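*Asks:*
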Amino acid sequence: MISLKDTLKIIIKVFIGALITLCIIFSSSFGLTFLAEQFIDGYIDTTPFLLHYPLLTIFLLGIYLVFWKKQYSLTIGLFLGFILFMLLMAFLFEVLAGPATL
Numbered sequence: 024m025i026s027l028k029d030t031l032k033i034i035i036k037v038f039i040g041a042l043i044t045l046c047i048i049f050s051s052s053f054g055l056t057f058l059a060e061q062f063i064d065g066y067i068d069t070t071p072f073l074l075h076y077p078l079l080t081i082f083l084l085g086i087y088l089v090f091w092k093k094q095y096s097l098t099i100g101l102f103l104g105f106i107l108f109m110l111l112m113a114f115l116f117e118v119l120a121g122p123a124t125l
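Counted the way the numbering used here counts, the sequence shown spans residues 24 to 125.
(1) Tell me the residue span of the alpha helix (DSSP H) that contains Ser-52.
(2) If distances are taken between C-alpha atoms only, which option among Ser-52, Phe-82 and Ile-48 comes closest to Asp-68?
(3) Once the 5 residues before and after Ile-34 are set aside, which same chain residues still bring their CB inside 7 Å of it?
(4) For Asp-64, which three-state DSSP category applies?
(5) Excluding the 5 residues flanking Ala-59 on each side, which residues of the same chain have their C-beta closer than 8 Å to its C-beta?
(6) Considering only their Cβ atoms, is the gap separating Gly-85 from Thr-44 smaller than 7 Å?
(7) With distances taken from CA atoms, which of Ile-25, Lys-36 and Gly-121 is nearest Phe-102?
(8) Apply the 10 Å Cβ neighbour rule to Leu-119 and answer buried if 16 or more other Cβ atoms are within range, or exposed otherwise.
(9) Judging by CA-CA distance, which residue of Lys-28, Lys-32 and Gly-40 is the nearest neighbour of Leu-97?
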């Protein structure tokens, strides 16, 4: 049987993983987009900087944590944080842009 102390440790690790994800997303996506806009003239597609590169970083970090460090709850927190970020972005785009019309 899992004790309350072990359960709290798991929950704390999940929240830490979610916070790490948000830090990775905000620091890398906005930082890389800013650098790309500063040093590249003309139009640049910022989609890879906003979504693909942070997701790749989170995915690689998750693989490292699962296979080498056996930190399953921290890895669950990483992916939970990314899912929450995507839901937040979808909600913000729906509120700011209005309902999607076909």
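No residue lacks a Cβ here, since even glycine has one placed at the ideal position from N, Cα and C. Since we're looking at a predicted model, the values are computed, not measured.
*Replies:* So, from the listed chains and residues:
(1) Mapped onto the sequence shown, residue 52 falls at position 29. Premise fails: Ser-52 is in no alpha helix (DSSP H) and is neither H nor E.
(2) The sequence position of residue 68 within the sequence shown is 45, counting from 1. The residue with the shortest Cα to Cα distance from Asp-68 is Ser-52.
(3) On the sequence shown, position 11 is the one that residue 34 refers to. Closer than 7 Å at Cβ, skipping near neighbours: no residue.
(4) Stepping through the sequence shown from its first residue, residue 64 is reached at position 41. Asp-64: coil per DSSP, three-state reduction.
(5) Within the sequence shown, numbered from 1, the residue matching residue 59 stands at position 36. These residues qualify, in order along the chain: Ile-67, Thr-69 and Phe-72.
(6) Walking along the sequence shown from the start, residue 44 turns up at place 21. Walking along the sequence shown from the start, residue 85 turns up at place 62. No, these two residues do not count as a Cβ contact at 7 Å.
(7) Start at 1 with the first residue of the sequence shown, and residue 102 comes out as number 79. Nearest option by C-alpha distance: Lys-36.
(8) Stepping through the sequence shown from its first residue, residue 119 is reached at position 96. By the 10 Å Cβ count, Leu-119 comes out exposed.
(9) As a first step, residue 97 is located in the sequence shown; it is residue number 74 there, counting from the start. Ranking the options by Cα distance to Leu-97, first place goes to Gly-40.
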